[in-house]
Amino acid sequence: MNLKLNPKLSQKIFYFILFCATLLSVIPVAIIIFVIIKNGASAISWEFLTAMPKNGMRGGGIFPAIVGTLALVTLANVIAMPIGVCAAIYLNEYAKDNLLTRLIKLAIVNLAGVPSVVYGLFGLGIFVMFLKFGVSIIAGALTLAIMELPVIITTARNALSSVPHSFREASLSLGVSRWQTIRHVVLPNALPGILTGAILSIARVAGETAPIMFTAAAFYVPHLPRSAYDQVMALPYHLYIISTQIPGMPKNIIYGTALVLLMLVLSMSLIAIIARIYFRERRKW
Numbered sequence: 001m002n003l004k005l006n007p008k009l010s011q012k013i014f015y016f017i018l019f020c021a022t023l024l025s026v027i028p029v030a031i032i033i034f035v036i037i038k039n040g041a042s043a044i045s046w047e048f049l050t051a052m053p054k055n056g057m058r059g060g061g062i063f064p065a066i067v068g069t070l071a072l073v074t075l076a077n078v079i080a081m082p083i084g085v086c087a088a089i090y091l092n093e094y095a096k097d098n099l100l101t102r103l104i105k106l107a108i109v110n111l112a113g114v115p116s117v118v119y120g121l122f123g124l125g126i127f128v129m130f131l132k133f134g135v136s137i138i139a140g141a142l143t144l145a146i147m148e149l150p151v152i153i154t155t156a157r158n159a160l161s162s163v164p165h166s167f168r169e170a171s172l173s174l175g176v177s178r179w180q181t182i183r184h185v186v187l188p189n190a191l192p193g194i195l196t197g198a199i200l201s202i203a204r205v206a207g208e209t210a211p212i213m214f215t216a217a218a219f220y221v222p223h224l225p226r227s228a229y230d231q232v233m234a235l236p237y238h239l240y241i242i243s244t245q246i247p248g249m250p251k252n253i254i255y256g257t258a259l260v261l262l263m264l265v266l267s268m269s270l271i272a273i274i275a276r277i278y279f280r281e282r283r284k285w
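With our numbering as the guide, the letters of the sequence shown map in order to residues 1 to 285.
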């Protein structure tokens, strides 16, 4: 005997299943954020955000770690975005579909799944030891930039592919060169999608501990970085240290540091989201 559900009823059941799946994804995240805010809000103060650590990290503030995190993430994005977008342009607009380009695309996808500790060891071997940058901001930023590249290249390629081919044909039919077409027609329309890659990459690298632990971060630096070749404190590594290596650390300090890191990542992502919305509204299609 065949049982046939009413199409409207089956649609409602399907929507309910999707809603439950969404709740199962959102609720744990909401609980984590609630616990961090509840336990860490009492530690947030002007001194905590602007002072140097003292008393074995049990007092003072986390200002050097905030500055170090901003320096690492900003420099990593400055390095990774141009390289990633240029690679995406080549793969999408110029490269022929042959064995070499298919292998390159497969390698990019595989790189996105490499554990962060492997990137850290790679950065230690190449940037810290071989190129003799030492444990420094530049070594850490280069390592994080390599981590970002697969995400940026993949999202940028998808954004470029989403631009209708008729736009290119109309531009080329007017006698415009391919590069001018890409620069003035394709890139402006793909920019919102490219910024999506920037948002995803910021969210990934800002909270990484393993890569910067090998290449950039120090337990304690009594001053702010003076150049790109200085060691630096960073919020993820600082949070790891005070959570696991310092006995008797006040609970609110630990959660307060986690809250600052969370707010920092959300703030940087919010800036990129606002830029994406701005360019999306200017798009004519």
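C-beta atoms are modelled at their ideal positions from N, C-alpha and C, and glycine is treated no differently.
Just the C-alpha distance for Ala217 and Ser136, rounded to the nearest angstrom, thanks.
Each residue's alpha carbon lies about 7 Å from the other.
Do Ala275 and Ile202 have their C-beta atoms within less than 9 Å of each other?
No, these two residues do not count as a Cβ contact at 9 Å.
Give the straight-line distance between the Cα atoms of His184 and Ser162, rounded to the nearest whole angstrom.
Their backbone Cα atoms lie some 16 Å apart in a straight line.
Whole angstroms is fine: what's the gap from Pro7's alpha carbon to Leu24's?
The straight-line gap from Cα to Cα measures roughly 26 Å.
Cutting at 6 Å between CB atoms, please list the residues of its own chain near Ser166, excluding the five before and the five after it.
Once the five neighbours on either side are set aside, Ser166 has no close Cβ partner at all.
I'd like the list of long-range same chain contacts for Tyr278, defined as Cβ closer than 8 Å, with 5 residues on each side in sequence excluded.
The answer is none, since no qualifying residue turns up.
If you run the structure through DSSP and keep just helix, strand and coil, what is Lys54?
If DSSP states are grouped into helix, strand and coil, Lys54 belongs with the strands.
Can you look up Val232 in the DSSP assignment and give me helix, strand or coil?
Here Val232 sits in strand by DSSP.
Does the separation of the CB atoms of Gly193 and Ala156 fall below 9 Å?
A contact, by the Cβ cut-off of 9 Å.
Would you report the Cα separation of Val73 and Gln231, rounded to the nearest angstrom?
Rounded to whole angstroms, Val73 to Gln231 spans 15 Å at the Cα level.
Could you say which of Ala198, Ile62 and Gly84 lies nearest to Tyr255 if we only look at CA atoms?
Comparing Cα positions, the closest option is Ile62.
Let me make sure I understand the geometry here. Which of Tyr90, Met52, Met57 and Ile79 has the alpha-carbon closest to that of Ile146?
The shortest C-alpha separation from Ile146 is found at Ile79.
Please state whether DSSP places Ala218 in a helix, a strand or coil.
Ala218: coil per DSSP, three-state reduction.
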